[in-house]
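Asker: Chains as they are written, first to last, in the numbering used here: chain A, 107 to 592; chain B, 107 to 592. Think of the CB as a built atom: it goes at the ideal place given N, C-alpha and C, for glycine as much as any other residue.
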C-alpha cells in the first residue's frame with residue numbers, strides 16, 4: 107500500500123517536531139544514535155542480506171560488504187559531528203582597529219536545516235538507500251529524515267526502516283526523526299511539502315531532473331542534491347598502453363562488471379591508442395567471458411539497458427567487440443568507436459548504458475586524448491591511466507574541470523568513505539556540484555550557517571561560548587585553534 | 107548603448123579564456139590583482155565619489171566610507187585566498203586498515219567554477235556593485251567576472267569598470283577577466299549563456315526570483331546566489347523596554363534612516379511591549395524629524411516605495427505614528443499595528459517597504475514575542491533587544507531558524523566584512539541559504555571541490571603535494587595541520 111497524502115503529511119509534521127526536539131541534543135548524543143543504528147544494522151545482517159539478495163540479485167558477499175560499509179559510514183559521520191568539523195565554528199572578537207571600522211563580536215556556526223527528504227537508489231540497497239550516506243549525513247547534521255523507498259527493494263527497505271526506527275528509539279532519539287514513505291506519488295508530495303527543507307536523490311538524470319525542477323519551482327525553493335548520470339571515462343596514455351595494455355584491459359573489464367555494470371561510477375568509456383585489434387580483442391573477450399552474470403536489479407532496468415545498448419550499437423560508426431544478449435542475465439558487451447567519431451558526435455559521450463557495457467574509443471594522434479576530454483559533459487569521475495613522470499598536467503586540468511574526482515591508475519568503481527572524498531561533479535553528474543554525497547563532507551549539505559552578533563557569552567548557543575564546551579575545532583580571529591585533544 | 111548579443115557572447119568567451127589562463131596563477135598573484143584594484147579604487151576616489159553622489163543621491167561621507175569598505179574587502183579576500191582557507195585542502199593518505207576496506211590516497215581542493223555573472227545592486231554603488239563583494243569573491247576564487255550594470259548608476263559603473271580593468275591589466279591579470287555589460291536584456295542573456303557557471307545577484311525578490319527560475323531551467327542548471335527581500339524584524343523584551351525604551355527607539359529610527367531606508371538590512375518591524383503611547387510617539391516623532399532627507403536612489407524606487415507604504419498604511423488595522431509624504435525627499439514614516447493583527451495576517455511581516463519606513467508591532471502578552479517570531483519567513487537578519495542574563499534561548503532558537511544573522515542589542519544595518527559574517531538566510535532572503543554574500547566565506551560560492559585519487563606526488567596539482575608549497579592550512583587524515591606561519 108502506498109503512503110497516502112494524509113499519512114505523508116502526518117509523517118512530515120512528526121519529523122518536524124522530532125527535528126525541533128533534537129535541537130536540544132548534543133553532538134555526542136547524535137553520534138550515539140548513529141552508532142546504535144550501525145550496531146543494530148550489523149546484528150540484523152543475517153535477516154537483511156538475504157532479503158536484499160532476493161530483491162536485487164546482487165550477490166551475498168557484495169551485499170555483506172555493503173552492509174558493513176553502511177555501518178562504518180554511520181560511525182564515521184557520527185564521529186565527525188562529535189568532533190564538530192561540520193559546524194565550522196568561526197569566531198571574530200570585537201576589534202576596534204578593523205580596517206573598515208570597529209568590528210563587532212560575530213560568531214558563526216552551521217545549524218541543521220530541518221526535515222530532509224531522501225530518495226533511495228536501486229543499486230546500493232544499503233549504502234545509498236534507507237540508511238545510506240544521505241540519511242546518515244542528514245541525521246548527523248541534526249535533521250530529521252523522511253525516506254522515499256525505491257520500488258526495487260521495498261521489502262528490504264521496510265525491514266531496514268524497522269531496524270533504524272528501533273535503534274533510534276532505544277538510543278533515545280525523538281520519535282518520528284526517521285520514517286519511510288512508499289509510492290511514486292509520495293516522492294513528488296515530499297518534494298512539494300512546505301516543511302521539507304532539502305532533498306537528496308540518487309538515480310537517473312531524467313527522474314532526478316524532474317524532481318529538481320519541482321524543488322526549484324516551489325514557492326520557497328529548496329536545495330536539491332541530485333546525483334544523476336555519469337559515464338566516467340578513462341583516458342589511457344600511449345606510454346601506459348605500451349607498458350600495461352593487457353592489465354589495463356583486464357582491470358577495465360573487472361570494473362565494468364562490478365554490480366553487473368549497475369554502478370554510477372562504472373567506466374562507460376575507455377579512450378585508448380589505436381593498436382593491433384586481434385590480440386586486444388582476444389584479451390577483452392576472454393576477460394568478459396569470465397565475468398559473473400546475473401539478473402539485473404529490476405526488469406525495467408534490464409529493458410532500458412537493452413534499449414540504450416541497441417541504440418548505440420546500431421550506429422554505423424560503432425562496432426561490437428564482444429557480448430550482447432544473455433536474456434535476463436546479460437552478457438558483458440564491449441563496443442568500439444573512434445576518437446574521430448566522438449569529435450563528430452560528442453553526444454555519444456553522454457550515452458549512459460546502465461548495465462554491463464562499455465565503449466572503447468580509439469585515438470590515432472595523442473592530441474585526441476585532450477580533445478575528447480574537452481568534449482565531456484559533467485562527470486562523477488574521470489580517470490587517467492598513465493606512467494609516473496609523464497606530463498599529464500593539461501589532461502588532468504581538463505578532467506578536473508569536468509568531474510568531481512580524478513583518478514590515477516585506478517578504477518572509478520568503489521568510492522571510499524573518507525574525509526577528502528568528493529562524490530559529485532558538474533551537471534548532469536549532479537545538480538549541486540559544490541557538494542558531495544559520499545564522505546564526511548556530505549553532512550554539510552544539510553546545514554546552513556547562522557551568525558550571532560554581539561551576544562553576551564552566557565546567552566550564546568553553547569557551542570559558540572568562549573570556553574568551548576563542545577571542544578570543537580574553531581577559527582578564531584582568522585586563525586585555526588585546537589579542538590578536542592589537539 | 108546596451109550591450110548587443112554579439113558583444114556579450116564575445117565578452118563571455120573572452121572571460122572563459124581569461125579564466126583558463128588564470129588557472130596557472132598562484133594565489134599570491136590573485137591577491138596582488140585584488141590589491142591593485144583596491145589601490146586604484148582608493149586613488150580614484152576623488153573622481154568616483156562625486157559621480158556616485160550625483161547618480162545615487164547618497165551623501166559624500168557615506169560614499170567615501172563605502173569606497174574604503176570596498177577596498178578593504180578586496181584586500182581581505184585577497185589575503186584569505188593567499189592563506190588558502192577557501193581551498194579547504196583535505197588529504198587522506200592510504201590506509202590499509204580503514205574500517206570499510208583499504209583506503210586509497212585521496213586529496214581534495216576547491217577549484218574555481220569559471221565565468222561568473224554578477225548583477226550590481228542599486229543601493230551600494232561600490233560595495234555591492236561593479237567590484238563589490240560578489241565580484242571580489244569571484245575573482246579571489248579564481249573565476250572571471252562579467253558584471254551586469256545597475257541602471258541606477260551607469261556612469262559610475264562604467265568609470266569603476268575602467269579603473270578595475272586598468273588595475274588588473276597593470277597587475278598582469280589576463281585580459282577579459284573582468285568586463286561589464288549594460289541593458290536589461292544583457293541580464294537574461296548572461297544567465298542563459300552556456301559558459302556562465304554561476305550568478306550572483308542582489309536586488310528585489312521579484313527580479314531575483316525571475317532570474318533564479320531562469321538559471322534553474324537551463325539545460326545545465328547553475329547556482330544562483332540571489333540576495334532578495336528581507337524585513338529584518340527586531341524583538342524587544344519587556345525588561346529591555348522598561349530599562350531602555352527611549353534609547354531603543356532612537357537607535358531604531360537611526361537604523362531605519364540609514365541610506366534613506368534603502369538598506370537590505372533595514373529593520374522593517376520592531377516588536378515592542380504595548381505601553382503609553384503619547385510619550386513613546388513623541389520620542390519617535392522627534393527622532394524621525396531629525397533624520398536627514400534626500401532623494402531616493404531612482405525615481406522608480408521612490409514610486410514603488412510610495413506604493414508599498416500606502417498599501418500597508420491603508421489597512422484598517424494599521425495606523426500612522428509619524429511621517430508620510432515629502433515628495434522626492436520622503437519623510438521617515440513609522441506605522442503601528444498589533445501582534446494580534448500579525449497573528450491574523452502574518453503576510454504583513456513580508457511586506458517590504460524599500461525606503462525610510464518601518465512598523466511598530468505592539469504585544470500585550472510576552473508569549474506573543476515568540477509567536478510573531480514563529481510566523482516569520484526567511485530573513486537576512488533578526489534582532490533581540492534584551493538584558494544580560496535574561497533567558498532568551500527559545501526566542502533566539504526560533505530566530506536562528508528564520509535568519510542568517512541574529513543580533514543582540516545591535517541594529518542590523520551595517521554588515522561588517524569578517525571571517526564569521528553570514529549575510530544570507532532562508533528564502534526569500536536568499537536563494538541559497540547555505541552561503542553568504544559578505545565576508546571571507548563568500549569566496550566559496552564560486553568554487554567546487556575536486557578530489558584526486560592515487561596520484562604520484564609530482565603529478566598532483568601543486569597545492570596538494572606533500573611538501574605544501576603554497577603553505578596552506580590542511581586537514582590531513584582527519585586532523586588539521588598548520589599552514590603558513592602557524
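Please return the same chain residues whose Cβ sits closer than 8 Å to the Cβ of residue 583/B, not counting the five positions on each side in sequence.
Answerer: 197, 198, 199 and 201
Asker: Buried or exposed: residue 606/B, going by 16 or more other Cβ atoms within 10 Å of its Cβ?
Answerer: Because chain B in this structure spans residues 107 to 592, residue 606/B falls outside the shown range and cannot be described.
Asker: Check residue 161/B in the structure and name its three-state DSSP category.
Answerer: In the three-state reduction of the DSSP assignment, residue 161/B falls in the helix class, which pools H, G and I.
Asker: Under 7 Å Cβ-Cβ, which residues of chain B neighbour residue 214/A?
Answerer: 526 and 528
Asker: DSSP beta-bridge partners for residue 536/A?
Answerer: 333/A
Asker: Looking only at its own chain, which residues have a Cβ that is under 7 Å from the Cβ of residue 227/A, when we skip the five neighbours before and after it?
Answerer: 234, 235, 256, 308 and 309
Asker: Quick one: what's residue 514/A bridged to in DSSP?
Answerer: 490/A
Asker: Using 10 angstroms around the beta-carbon of residue 592/A, count the other beta-carbons present and answer buried if the total reaches 16, otherwise exposed.
Answerer: Bear in mind that a pLDDT of 34 at residue 592/A, under 50, signals an unreliable position, so the number given afterwards is only what the model happens to contain. It is exposed - the Cβ of residue 592/A has fewer than 16 other Cβ atoms within 10 Å.
Asker: So with CB distances below 7 Å, who are the chain B contacts of residue 533/A?
Answerer: 326 and 327, listed in chain order.
Asker: Going by the DSSP bridge assignment, what does residue 341/B pair with across the sheet?
Answerer: 377/B and 490/B
Asker: Which residues bound the beta strand (DSSP E) around residue 266/B?
Answerer: Not the beta strand (DSSP E): residue 266/B falls in the alpha helix (DSSP H), residues 260-276.
Asker: Compare the beta carbon distance of residue 117/A and residue 282/A with 9 Å and say whether it is the shorter of the two.
Answerer: yes
Asker: Do residue 129/B and residue 248/B have their CB atoms nearer than 9 Å?
Answerer: yes
Asker: Taking only beta carbons into account, state which residues of the segment 545-576 of chain A come closer than 9 Å to chain B, listed in chain order.
Answerer: 545, 546, 547, 550, 551, 553, 554, 555, 556, 557, 558, 559, 560, 561, 562, 564, 565, 566 and 567
Asker: Starting from residue 515/A, find everything on chain B with Cβ-Cβ shorter than 8 Å and list it in chain order.
Answerer: 560
Asker: Give the C-beta separation of residue 567/A and residue 215/A to the nearest angstrom, bearing in mind that I take them to be a contact with Cβ-Cβ under 8 Å.
Answerer: 7 Å
Asker: Residues of chain B with CB under 8 Å from residue 175/A, in chain order?
Answerer: Around residue 175/A, the beta-carbon contacts reaching into chain B at under 8 Å are 206 and 207.
Asker: Just how far apart, CA to CA, sit residue 183/A and residue 141/A?
Answerer: 9 Å
Asker: Kindly give me the distance between the Cβ atoms of residue 318/B and residue 332/B, rounded to whole angstroms, as I take these residues to be in contact under 8 Å.
Answerer: 5 Å
Asker: For a cutoff of 9 Å on Cβ pairs, would you count residue 113/B as touching chain A?
Answerer: no
Asker: Alpha carbon to alpha carbon, what distance is there between residue 365/A and residue 398/A?
Answerer: When rounded, the separation of the alpha-carbon atoms in residue 398/A and residue 365/A is 10 Å.
Asker: Which whole-angstrom value describes the C-beta separation of residue 238/B and residue 514/A, a residue pair presumed to lie in contact below a C-beta threshold of 8 Å?
Answerer: That belief does not hold up - the Cβ atoms of residue 238/B and residue 514/A are roughly 40 Å apart, past 8 Å.
Asker: Are residue 177/B and residue 166/B touching if we call contact CB-CB under 9 Å?
Answerer: no
Asker: Does residue 210/A get closer than 9 Å to chain B when you measure Cβ to Cβ?
Answerer: So yes, residue 210/A belongs to the interface.
Asker: Between the segment 333-364 of chain A and chain B, which residues of the former have a C-beta closer than 9 Å to a C-beta of the latter?
Answerer: none
Asker: Considering only residues of the segment 359-430 of chain A, which uninterrupted alpha helix (DSSP H) runs meet the minimum length of 4 residues and lie entirely inside it, listed in chain order?
Answerer: Assignment of alpha helix (DSSP H) within the segment 359-430 of chain A, counting only whole runs of 4 or more residues, yields 383-396 and 405-419 in chain order.
Asker: In chain order, what residues of the same chain have a beta carbon less than 7 Å from the beta carbon of residue 597/B, not counting five sequence neighbours either side?
Answerer: Absent from the model: residue 597/B. The displayed extent of chain B is 107 to 592, so no value can be given.
Asker: Does the distance from the CB of residue 345/A to the CB of residue 466/A come in under 9 Å?
Answerer: no
Asker: Spell out whether any CB of chain C is found under 9 Å from the CB atom of residue 138/B.
Answerer: Structure shown: chain C not included; protein chains present are A and B.
Asker: Have a look at the DSSP bridge pairing and note the partners of residue 509/A.
Answerer: 485/A
Asker: Specify the secondary structure class of residue 553/A as computed by DSSP and reduced to three states.
Answerer: strand
Asker: Would you please state the rounded distance, in angstroms, between the beta carbons of residue 245/A and residue 267/A? I believe it to be under 8 Å.
Answerer: Actually they do not touch by this definition, with Cβ atoms about 13 Å apart.
Asker: Using 8 Å as the threshold, is the segment 522-529 of chain A in touch with the segment 546-560 of chain B, meaning 3 or more CB pairs across them?
Answerer: Taking a contact to require three or more Cβ pairs closer than 8 Å, the segment 522-529 of chain A and the segment 546-560 of chain B qualify as touching.
Asker: From residue 585/B to residue 531/B, what does the alpha carbon distance come to, in whole angstroms?
Answerer: 30 Å
Asker: Spatial neighbours of residue 517/B within its chain, please: C-beta separation below 8 Å, excluding the five flanking residues on both sides.
Answerer: The answer, listed in chain order, is 340, 357, 358, 360, 361, 373 and 489.
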